[in-house]
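Residue numbers (the numbering used here): 8 to 136.
Built from N, CA and C at the ideal position, the CB exists for glycine as well.
Laid out in C-alpha cells, this is it:
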C-alpha cells in the first residue's frame, strides 16, 4: 500500500499507519547512538572471535563470519541513513558517522551519497533511463 503524504483526505487506515510511524520519522540521538553501538561493537567482537576460531575450526570461523556479515549489513544500513542525513539531526554527525560506517563497510561516503541521491532523483523517471 502506498501512502501519499500530499493526499488531501487520507483514509482511516492511512491516518492510523501515519500516526504509528510518526515517532520514527524524526531522528533520535539516543536511538541513533544505540544503533551504532549495537551494530559496530558486535561486528568487531565477531571479527576478533573469527581470528581466534581459526585455531579451532575453519567451519566455526565460517559460522561466525555469517553472523558478522549480518552485522556488516546493519552497518551499511546505518551508512545509508547517514547518506540521506536521516540518522542524526546534525548534518555534521551524519557526515562523520557516514565516513566511519563507510570505512567499515568499504564504501566511500561522499561518492556513494552523491550517486545514491542521483539514483533517488531519477529511479522513478522512466525518461531518464
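Rounded distance between the beta-carbons of residue j and residue i, thought under 8 Å
{"i": "residue 82", "j": "residue 111", "result": "5 Å"}
{"i": "residue 141", "j": "residue 78", "result": "Residue 141 lies beyond the range of the chain shown here (8 to 136); nothing can be said about it."}
{"i": "residue 57", "j": "residue 75", "result": "7 Å"}
Rounded C-alpha distance that separates residue i from residue j
{"i": "residue 90", "j": "residue 69", "result": "31 Å"}
{"i": "residue 42", "j": "residue 123", "result": "22 Å"}
{"i": "residue 62", "j": "residue 117", "result": "39 Å"}
{"i": "residue 46", "j": "residue 40", "result": "10 Å"}
{"i": "residue 80", "j": "residue 20", "result": "32 Å"}
{"i": "residue 30", "j": "residue 22", "result": "14 Å"}
{"i": "residue 120", "j": "residue 18", "result": "35 Å"}
{"i": "residue 25", "j": "residue 72", "result": "38 Å"}
{"i": "residue 102", "j": "residue 67", "result": "36 Å"}
{"i": "residue 44", "j": "residue 27", "result": "26 Å"}
{"i": "residue 149", "j": "residue 52", "result": "A query on residue 149 cannot be resolved here, the shown segment of the chain reaching from 8 to 136 and no further."}
{"i": "residue 59", "j": "residue 84", "result": "28 Å"}
{"i": "residue 107", "j": "residue 88", "result": "13 Å"}
{"i": "residue 50", "j": "residue 127", "result": "29 Å"}
{"i": "residue 104", "j": "residue 16", "result": "39 Å"}
{"i": "residue 130", "j": "residue 109", "result": "23 Å"}
Collapsed DSSP secondary structure at residue i in the structure displayed
{"i": "residue 17", "result": "coil"}
{"i": "residue 99", "result": "helix"}
{"i": "residue 34", "result": "coil"}
{"i": "residue 115", "result": "coil"}
{"i": "residue 53", "result": "helix"}
{"i": "residue 43", "result": "helix"}
Check whether the region 30-47 touches the region 91-110, counting contact only when three or more Cβ pairs, one atom from each stretch, lie closer than 8 Å.
-> By the C-beta criterion, the region 30-47 is judged to be in contact with the region 91-110, since at least 3 inter-stretch pairs fall below 8 Å.
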